[in-house]
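Numbering (my numbering), first residue to last: 227 to 426.
Pasting the structure below:
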């Protein structure tokens with residue numbers, strides 16, 4: 227959009243050509259993203275960042291995969307049995323179908339999964355879409371320079387997770403289980419307080 231010209235940098239662009247029915251797993255990107263449907267149609271299910279704790283994240287991807295896009299009550303019951311926290315997150319979803327020529331703004335950290343729906347006529351089995359990932363100047367130096375797909379956490383967040391895995395977890399594993407449980411809950415409370423402060 228013209229309103230953003232000169233105010234942001236393009237991180238990367240990704241052209242996607244997919245057969246109808248192809249699904250992209252639930253994940254988040256660290257950049258704001260404009261998703262344009264060029265041909266066919268595309269379904270997008272979005273979950274707000276506040277639901278990250280219920281989405282079984284492993285890195286930027288969810289263990290739910292694309293199963294959220296499966297239809298039918300039986301499939302949904304099976305999914306909630308396997309991932310009980312996700313049911314509450316599902317209640318906060320936004321479900322959108324993009325038609326040809328439509329553009330969707332996906333803010334950074336919003337979890338989303340997609341399904342190519344195809345279009346009408348000769349192109350009915352094909353969906354063509356374009357992602358444009360943008361970086362704001364105040365965050366440019368925080369981005370991982372090796373991150374082509376816009377899904378690697380910002381560098382300070384990567385440092386925090388490395389410290390958690392390399393120092394915090396090993397230290398907590400050395401204390402008796404009763405103490406470990408207590409300190410994990412204490413740490414969780416401090417992290418929730420930090421998140422709430424950041425949310426404003």
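Each residue gets a CB set at the ideal place from its N, CA and C atoms; glycine is no exception.
Mind checking whether residue 287 and residue 253 have CB atoms under 7 Å apart? The residue given as residue 287 occupies position 61 in the chain shown. The residue given as residue 253 occupies position 27 in the chain shown. Pairing residue 287 with residue 253 gives a Cβ-Cβ distance under 7 Å.
Looking at residue 256: is its Cβ nearer than 7 Å to the Cβ of residue 380? By one-based count along the chain shown, residue 256 stands at place 30. By one-based count along the chain shown, residue 380 stands at place 154. Yes. Within cutoff.
In the DSSP output, what is residue 331 paired with across the bridge? The residue labelled residue 331 in the question sits at position 105 within the chain shown. In the DSSP output, where bridge partners are listed per residue, residue 331 has 260.
Should the region 319 to 331 be called in touch with the region 266 to 277, which here means at least 3 C-beta pairs below 8 Å? With a cut-off of 8 Å, the region 266 to 277 and the region 319 to 331 count as touching, because enough Cβ pairs lie within range.
Would you mind reading off the limits of the beta strand (DSSP E) that contains residue 242? Start at 1 with the first residue of the chain shown, and residue 242 comes out as number 16. Per DSSP, the unbroken beta strand (DSSP E) holding residue 242 starts and ends at 235 to 245.
Rounded to whole angstroms, what is the Cα-Cα separation between residue 323 and residue 401? Here residue 323 refers to the residue found at position 97 of the chain shown. Here residue 401 refers to the residue found at position 175 of the chain shown. Those two C-alpha atoms are separated by around 51 Å.
Give every residue of the same chain whose Cβ lies closer than 6 Å to the Cβ of residue 335, excluding the five residues on either side of it in the sequence, and list them in chain order. By one-based count along the chain shown, residue 335 stands at place 109. Counting only Cβ-Cβ distances below 6 Å, and skipping sequence neighbours, we find 254 and 275.
Quick check: the region 348 to 359 against the region 234 to 251, are at least 3 beta-carbon pairs closer than 8 Å? Yes: the two stretches touch, three or more of their Cβ pairs being nearer than 8 Å.
How many Å lie between residue 241 and residue 327 at the Cα? What you label residue 241 is simply residue 15 of the chain shown in a count that begins at 1. What you label residue 327 is simply residue 101 of the chain shown in a count that begins at 1. Residue 241 and residue 327 have their C-alpha atoms roughly 14 Å apart.
Which residue spans inside the region 356 to 397 form an unbroken alpha helix (DSSP H) run of at least 4? Here the runs fully enclosed are 381 to 389.
Sub-7 Å separation of residue 345 and residue 232 beta-carbons: One-based indexing of the chain shown puts residue 345 at position 119. One-based indexing of the chain shown puts residue 232 at position 6. For residue 345 and residue 232, no; Cβs fall outside 7 Å.
Residues in its own chain within less than 7 Å of residue 382 by CB, not counting five upstream and five downstream? Reading the chain shown from its first residue, position 156 is the one you call residue 382. Taking C-beta separations shorter than 7 Å and ignoring five residues to either side along the sequence, the partners of residue 382 in its chain run 368, following chain order.
Pull up the distance between the alpha-carbon of residue 293 and that of residue 361, whole angstroms please. In the chain shown, the residue the question calls residue 293 occupies position 67. In the chain shown, the residue the question calls residue 361 occupies position 135. Just so you know, the alpha carbons of residue 293 and residue 361 end up roughly 30 Å apart.
Between the alpha carbons of residue 356 and residue 329, how many angstroms are there, rounded? Within the chain shown, the letter at position 130 stands for residue 356. Within the chain shown, the letter at position 103 stands for residue 329. Approximately 9 Å, taken between the alpha carbons.
Mapping the DSSP letters down to three states, classify residue 313 as helix, strand or coil. Taking the chain shown and counting its residues from 1, the one referred to as residue 313 is at position 87. The answer is helix: DSSP assigns residue 313 an H, G or I state.
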